[in-house]
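Counting in my numbering, the sequence shown runs from 491 upward without gaps.
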Amino acid sequence: MSTSSPPPPLATLPSRRAMAVRSVVLASLGGLLFGYDLGFVGGALDSMGSDLELTTVGKEGVVASAKFGAAFGSLLGGATLVALGRRTSLALSALPYTVGPAIMLVAPNVYVMVVGRWVTGLGVGISSVASPCYLCETATPEARGTLVACYEVAIAVGFLVATATDYAFSNVSHGWRYLVCIGLPPAVALPLAMVALPESPRWLIMRGEMRRALRAIEWLRGASPPPGWDAHTPRRPTATQIPAVDGVDVSHCTWVNDELLEIWDSVERFERMQQLSSGSRASDPAAPAPPRHLPFSSSAWYSTCGALLSNARAVARLLRTGAGPERRGLLIACTLAFFNQMCASTSIIVYVQELAHLAGVTSSASRNLIASAVAASKLVGVMFGLWAVDRLGRRPLLLFGSSVGAAALLVLAVGSSLGNVALLVTFACAFTFTFYSSWGTVYWVLSSELFTTETRGAGQGLATALMYIFGSTSSMMFLSVAKSAMGLYPFAFVMLTSLVFVFLCVPETRGLTLEEVMEKLAVGGGGATKWTDNELAAVSEDGQPTSEGDSSRLVAAGATSSTSAVYSKT
């Protein structure tokens, strides 16, 4: 039943900046746990190796097993994003974050330890899909890069805390078991923190839950309207035609309603353009429209299983022959995942104590201090990336990271080959700063921007799963390669190759709405910015082609994205 009464006043809510800070801090708790798990294992390998009699291969297995778990967790997280929502997925990641350390705590041998690490990796995978997705969908376009990059800041803080605790327990007998326990309190706090967050408005609108979406926007944006908002600005024609849904009348001209209408309009337009590109209804206008609500059981288990199958079909559709913004976004995200990990970015910070040991540093405390210096470089780099990602843009940061990072890796390889501790430490810090101020920050931003609301769970889940598979591959072979005649030179070559890929293929998305990003991908190429005027003229205001010829041309161009951003930005 619809109502004509306006939404309740927002005067009691804090400012939108305060609400943004609160949502970022709470949604990034999973990143803090990820960073701690990533950081503590490097310093714990010494005492763990003595207790569990680890060989070089055993150490590589302990490190890599978490990423194998994260690969599966990313796919599972992509399914729960669709079936259960963004916020619920974040809360569910707390379960493996709790069970995994409990298994590691009592591990009597390397096999049980690997199982515990794998279970913890499930939580890493789920949270690393859910957190960036949540931040991406709840942020405003002008702040989206900064807010999503806060997830990498949380990882860096967790990593720095881990290296500090490694140093504190370096001389404690069985100290690695104490290190395992430290991650348990924040894991328990994670689902409690999610109670204080609203669900993503985009996910709610996709399911037709307009009332909850309206309340979520009110919570996320606070009491203040966006800069430049004018209550007397005429609405777009399509906005006034949207009916009341779920008992909500959106005819009142408030900025909260405007944002709700903008998201609703973008979803509607994308669906019509998607039908046009697939030809599902172009030949038969009377054919029934696909259901808006997800056809899953009310049971969380069956919903998640159904979403896994749905995501598998979505990925298969994205990979079919033929151009299109979603497929192009998936290929870019997956290639970014390859370069992100195969340059040994994570392996260097995890194994830096082992590299120092190979270079002649015998003191465990000294090696942990070196690891702390590298961790601090990571945090400083991430903070710079946080500042730069919405000021300088995604492409400039990636180009900087590829070129300067390749040079730093080359000198690091020389220092490692010569056993020169000064070169090793200096350029390990230099590479870490360079990488995490660019690639380490930008990957999470781009991987959450390159998909539509409907395909973000499937696409981002697959790309992140591949990133962890590449990361586990790098971790499994890093020590063996570092000890071989090749040294670290192959990783420098991978970093240099990424420069060519970024220059040719990666688009700039700074300041664009998520709908405008899809428009950019629709025309293809890293340098394209918007659809051309002729392409935009081929679509009328209701999202239908103005002629049969225009329809064919749009389908051939892969123009399946929303055109709502042509009129205004959210």
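Backbone N, C-alpha and C define an ideal beta-carbon position, used for all residues, glycine too.
The Cβ neighbour count for Arg634, taken over all protein chains shown within 10 Å, is at least 16; the residue is labelled buried.
Annotation for Gly930: the continuous alpha helix (DSSP H) segment containing it runs 929-939. Under the 10 Å beta carbon count, Arg507 is surrounded by fewer than 16 other beta carbons and is classified as exposed.
Contact between the segment 972-992 and the segment 599-606 is absent: fewer than three C-beta pairs spanning the two stretches fall below 8 Å.
The C-beta of Val678 has fewer than 16 other C-beta atoms within 10 Å across all chains shown, which makes the residue exposed. For Thr636, same chain residues with a beta-carbon under 7 Å away, outside a window of 5 residues either side, are Leu876, Val879, Asp880 in chain order.
In the three-state scheme derived from DSSP, where H, G and I count as helix and E and B as strand, Gly529 is classed as helix. Annotation for Cys671: the continuous alpha helix (DSSP H) segment containing it runs 665-672.
Apart from sequence neighbours up to five positions away, the residues of its chain that approach Val619 with a beta-carbon distance below 7 Å are Ser564, Gly567, Gly568, Leu571, Gln950, Gly951, Thr954, ordered along the chain. For Lys868, the CB contacts under 8 Å within the same chain, skipping 5 residues up- and downstream, are Ala646, Phe649, Leu650, Ile839, Thr922, Phe923, Tyr926, Gly930 in chain order. Judged by DSSP in its simplified three-state form, Glu944 adopts coil rather than helix or strand. In the DSSP assignment, Leu1002 falls outside any alpha helix (DSSP H) and carries neither an H nor an E. By the criterion of a C-beta distance shorter than 6 Å, Ser937 is surrounded in its chain by Ala823, Gln950, Ala953, once the five residues flanking it on both sides are discounted. For Leu989, the uninterrupted alpha helix (DSSP H) segment begins and ends at 979-995.
Between the segment 903-913 and the segment 590-597, the count of C-beta pairs closer than 8 Å stays below three; the two stretches do not touch. C-alpha of Gly615 to C-alpha of Ser970: approximately 26 Å in a straight line.
Pro691 counts as buried, since no fewer than 16 other beta carbons sit within 10 angstroms of its beta carbon. For Arg702, the enclosing alpha helix (DSSP H) starts and ends at 700-711. Taking C-alpha positions only, Cys623 is separated from Arg946 by approximately 8 Å.
Put simply, of Val643, Tyr587, Arg607, Ser540 the residue whose alpha carbon is nearest the alpha carbon of Val514 is Val643.
CA-to-CA, the gap between Glu1006 and Ser579 works out to about 27 Å. With a 10 Å radius around the Cβ and a threshold of 16 neighbouring Cβ atoms, Gly850 comes out exposed. Out of Leu1011, Val872, Glu944, the CA that lies nearest to the CA of Gly698 is found in Glu944. Pairing Ala554 with Pro815 gives a Cβ-Cβ distance that is not under 7 Å. Under the three-state reduction of DSSP, Met696 is assigned to helix. Taking each of Ile959, Pro886, Met1008, Ser862 in turn and checking the Cα distance to Phe941, the smallest one comes out for Met1008. Here Pro681 has Ala581, Ala584 as same chain residues with Cβ atoms under 7 Å from its own Cβ, once five neighbours each way along the sequence are excluded.
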